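All remarks here apply to the structure that follows.
Below is the structure:
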């Protein structure tokens, strides 16, 4: 009898899908992009309002969507205001793809319930179909109501917010030092559409980069034909925006990430892209920054769910550079090349919170300003040194010298995680130039380590000591290498005291804040 009732219900749902697709209009008022106004709204309100035919229809943001280990998803929404008058007395639960923001013809109906069955709160339960072709792990869900022949969305589309509940890998994270080295504990994964070998177990932090070689993995507006018509061209992009803008892209992202996470024995930290607040390092043809961040957020959500549903104790990071709060305007050329890290994170968090808050973290690159000048405590030998120093002092640029600018921002209420905690922060790339000499380089290395060793909000700093480029040579010689090796060892204080003496300060707070 239960199987018969279930079959009948499935038939009814299919009939409803047909009626919704063919017999009525559809409307949605979900945000297509996030702007400053929406970011402000979601920090204070649980509902969003839209005027329809002279009445005020409210869209609830008080939604919870979680999955259990057995694969059952529970979607619960609370309604504190009057819903539109229903044509049929039903509320429908719709399934949307990451790139869908409207209920439209053909949008999947998972289930429906009679309005009379609930009071101010309504719950649906359905299977996630984990690791199956029709998986819902990467979908978002919204409730709609038919009123006046039109379907109105009455809840914000929301993803499953605890994909880690499905993970087979629940091993505790390994203990970590504050100091790490690229190439030893850190490595890049270059995604080109092929499935590489197993990632070595020693790499605890892995950065995922799109080479642009795979059409499916690369956003349509980052492919070669889009580059040719780009009105704000970027010469020689380094890496490319991943693709979560269509079904093919979502499937490719999910499959690829599931593979790499399952085949990385030690991968605990996953960084999605490199310096994604700059189009040079995460290229997409120019539209506007809201659209750019929306597309990245879709990518991040898919990858986050793939990672966390495989390794329950992983952490997933957004990567930004040191440009923090320059407030460029469209009249300036640089406006089209990068967005301030602060603005990027605000808009990113606005979208994440709107569709179900998750535990993302920040991976920042706190290079000196400018990158090729290591003697940050004395800018007299640097061309335009007073300008660079003023940028750091004003918080326009975040280096290891002024990390409090970043951490104070991440402590603000709108940036805290869903449990009210400061999000995890790592400094995932930094090298110090050797141009001014080995002793200056070594002293700067010690200063950068001193800036984080007792900072409770910085989990780790990852150095790039072998990097050599015409723009900056951060490679170490015998002396600076020995300092680097020992500055976090048992005699750490001895080396840090040497650096303070060399620099000419009694306390680090004189040059670091």
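Residue numbers (the working numbering): 1 to 513. Just so it is clear, CB atoms sit at the ideal spot from N, CA and C, and this is done for glycine as well. Please read these numbers as outputs of a predicted model, since none were measured by experiment.
Of the candidates 346, 115, 167, the residue whose Cα lies closest to the Cα of residue 143 is 115. Here DSSP, grouped into helix, strand and coil, assigns residue 203 to coil.
Bounds of the beta strand (DSSP E) holding residue 361 are 361–364.
For the pair residue 360 and residue 297, the Cα-to-Cα distance works out to about 11 angstroms.
For residue 188, the enclosing beta strand (DSSP E) covers residues 186–191. Rounded to whole angstroms, the Cβ separation of residue 160 and residue 103 is 19 angstroms, and the two are not in contact under 8 angstroms. Burial of residue 164 is indicated by the presence of at least 16 other C-beta atoms within 10 angstroms of its C-beta. Annotated three-state conformation of residue 74 is strand, per DSSP. Contact annotation: the region 451–460 touches the region 386–403, with at least three C-beta pairs closer than 8 angstroms.
The region 109–126 makes contact with the region 72–79: 3 or more CB pairs, one atom from each, lie closer than 8 angstroms. Assigned with DSSP and collapsed to three states, residue 178 falls in coil, not helix or strand.
As the crow flies, the alpha-carbon of residue 276 is around 15 angstroms from that of residue 188.
Taking the C-beta atoms as reference points, residue 428 is found nearer than 8 angstroms to residue 319. In the structure shown, residue 315 adopts extended strand secondary structure according to DSSP, grouped into three states. 392 is the residue among 237, 509, 392 whose C-alpha sits nearest the C-alpha of residue 368. Under the Cβ criterion (8 angstroms, minimum of three pairs), the region 266–275 counts as touching the region 317–332.
In this structure, residue 440 sits away from residue 500, with a CB-CB distance that is not shorter than 8 angstroms.
Looking from the CA of residue 461, the closest CA among 326, 492, 100, 426 belongs to 426. In chain order, 465 place their CB closer than 8 angstroms to the CB of residue 481, counting only its own chain and leaving out the 5 sequence neighbours on each side. Residue 222 places its beta carbon less than 8 angstroms from that of residue 285.
Membership of residue 142 in the beta strand (DSSP E) is indicated by the continuous run 140–147. Only residues of its own chain outside the window of five on either side were considered, and among them 210, 212, 218, 222, 283 have a CB closer than 6 angstroms to the CB of residue 240, listed in chain order. The beta carbon of residue 336 sits closer than 7 angstroms to those of 232, 286, all from its chain and outside the five residues before and after it, given in chain order. The C-beta of residue 424 has 16 or more other C-beta atoms within 10 Å across all chains shown, which makes the residue buried. If you ignore the 5 residues before and after residue 417, its C-beta comes within less than 6 angstroms of the C-beta of 359, 423, all in its own chain and listed in chain order.
Boundaries of the alpha helix (DSSP H) harbouring residue 258: 247–262, taken from the DSSP string. For residue 308 against residue 253, the beta-carbon gap comes to about 14 angstroms, at or over 8 angstroms, which does not count as contact.
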